[in-house]
Ligand SMILES: Cc1cc2nc3c(=O)[nH]c(=O)nc-3n(C[C@H](O)[C@H](O)[C@H](O)COP(=O)(O)O)c2cc1C
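Residue numbers (this note's numbering): 31 to 431.
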């Protein structure tokens, strides 16, 4: 047995939820729900991390309504899929692992061809993802649309609690629907939902209040945010502190400060090798391949990877809020985990590290300084479009079932 236990293996709680350790599998959209129906592969994928010892796994991108799906192969949190989603959640929970669901809405950025109208977001314009499906434009949401989006979150929260999710993670970041309201780059509204930060926070805070009202005070709700969009005029690190203060005051249980956007600046989220080669490997659409070849180098530049690359900025949030903080971004070893927890974070979410080493928590028990073999080649990011679903193509034993 090890002489000294890594502190990431100590138990803790998130609101009333007891977690056996501090390690949480981050939401990584799996692409294992053809036509929105969760497959056995999706259950097996999460079981892999459960058996590896994480305290909680996060089912990536659970759309709160059909209009919130980026594409037609995403889960929708709706009664129509109750039995399949119950099977998914309960199937994972049997393996001594809690299950969180990431509540997502894509807003104006979608290639969901089952949507028989333009996608809607904070403001109208081009639909950057929909080109290949002939969905060129998006519309600005009316006040009625805003009310119905809030209702969609509330209904989804009720549904998700009823099927057995242990926690809900609201996605406020990465350029998706709620982030489109927060960002001055995508929110050009002239009403109460646009303009200063107080107004841009109005819809996100309404959503949080609606979800909280539905699940009750003792149910854990996490928020994933983008600290900086890395674009002139976009959200910046100082804004994120104000956003976190507002979420904290509104009763969030934990904040996950991430970075960048899928729409404009994904490499800030990942760092490491450019995701372009991986995207090209799996992209089948010829128009999209052409766009990627033309603009990909500029959109997805390699950014030098360094361990815990978001720590310096994320720790500024520690002093600003009372809620728990979950670190994410390049945490790869037992030594990293110790440093992160000693800096004041309560939990650590792991994405690529676990895709390469699903058994990491178990290994840490025997080797407190265990270091993941993930090289941040970012090939896993491209597998989002793979028919097999996401996996680590470099260490194929990792996600082999
Ligand atoms: C294949 C893949 C899919 C991802 N999908 C999502 C997603 O659905 N939702 C989300 O918030 N983040 C998603 N992410 C980002 C991760 O949650 C995380 O923020 C990022 O990978 C940095 O953490 P890491 O260094 O531990 O991988 C994804 C990452 C990867 C590698």
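Note that beta-carbon positions come from the ideal geometry of N, C-alpha and C, so glycine has one too.
Which of helix, strand or coil DSSP assigns to residue i
i: residue 106; result: strand
i: residue 356; result: strand
i: residue 179; result: helix
i: residue 405; result: coil
i: residue 364; result: helix
i: residue 40; result: coil
i: residue 207; result: helix
i: residue 396; result: helix
i: residue 156; result: strand
i: residue 324; result: helix
i: residue 333; result: strand
i: residue 431; result: With a pLDDT of only 49 at residue 431, under 50, the local geometry of the prediction cannot be trusted, and no value is derived from it.
i: residue 113; result: helix
i: residue 193; result: helix
i: residue 369; result: helix
i: residue 414; result: helix
i: residue 119; result: helix
i: residue 184; result: helix
i: residue 34; result: coil
i: residue 163; result: helix
i: residue 174; result: helix
i: residue 212; result: helix
Whether residue i touches residue j by CB criterion (7 angstroms)
i: residue 203; j: residue 288; result: yes
i: residue 60; j: residue 420; result: yes
i: residue 335; j: residue 364; result: no
i: residue 182; j: residue 94; result: yes
i: residue 276; j: residue 238; result: no
i: residue 54; j: residue 133; result: no
i: residue 195; j: residue 384; result: no
i: residue 148; j: residue 169; result: yes
i: residue 386; j: residue 425; result: yes
i: residue 37; j: residue 368; result: yes
i: residue 23; j: residue 290; result: The requested residue 23 does not occur in the structure, where the chain is confined to residues 31 to 431.
i: residue 114; j: residue 187; result: no
i: residue 190; j: residue 131; result: yes
i: residue 57; j: residue 83; result: no
i: residue 370; j: residue 357; result: yes
Expected contact under 8 angstroms - CB spacing of residue i and residue j to nearest Å
i: residue 214; j: residue 263; result: 6 angstroms
i: residue 355; j: residue 255; result: About 11 angstroms separates the two Cβ atoms, so there is no contact after all.
i: residue 111; j: residue 66; result: 7 angstroms
i: residue 234; j: residue 208; result: 5 angstroms
i: residue 51; j: residue 283; result: Residue 51 to residue 283, Cβ: 17 angstroms. No contact.
i: residue 344; j: residue 257; result: 7 angstroms
i: residue 118; j: residue 176; result: No, residue 118 and residue 176 are not in contact; Cβ-Cβ is about 30 angstroms, not under 8 angstroms.
i: residue 68; j: residue 39; result: Residue 68 to residue 39, Cβ: 30 angstroms. No contact.
i: residue 267; j: residue 413; result: Residue 267 to residue 413, Cβ: 30 angstroms. No contact.
i: residue 333; j: residue 297; result: 5 angstroms
i: residue 351; j: residue 278; result: 4 angstroms
Residue i, enclosing beta strand (DSSP E) - first and last residue
i: residue 343; result: Per DSSP, residue 343 belongs to no beta strand (DSSP E); it is in the alpha helix (DSSP H), 341-348.
i: residue 198; result: 197-201
i: residue 169; result: 167-170
Boundaries (first-last residue) of the alpha helix (DSSP H) holding residue i
i: residue 424; result: It is not in any alpha helix (DSSP H) - residue 424 carries neither H nor E in the DSSP assignment.
i: residue 380; result: Residue 380 -> not in any alpha helix (DSSP H); beta strand (DSSP E) instead, spanning 377-380.
i: residue 227; result: 227-230
Heavy atom of ligand 3 within 6 angstroms of residue i beta-carbon
i: residue 380; result: Only ligand 1 can be found as ligands here, which leaves ligand 3 out of the picture.
Any chain B beta carbon closer than 7 angstroms to residue i
i: residue 335; result: Structure shown: chain B not included; a single protein chain is present.
### Query
Where are the beta strand (DSSP E) runs, 3 residues long or more, that stay fully inside the region 123-152, in chain order?
128-134
### Message
Ignoring anything shorter than 4 residues, give me the alpha helix (DSSP H) runs that lie fully in the region 236-319, in order along the chain.
### Response
Listed in chain order, they are 267-279, 297-300 and 306-312.
#### Entry: Whole alpha helix (DSSP H) elements within the region 48-109, 4-residue minimum
70-82
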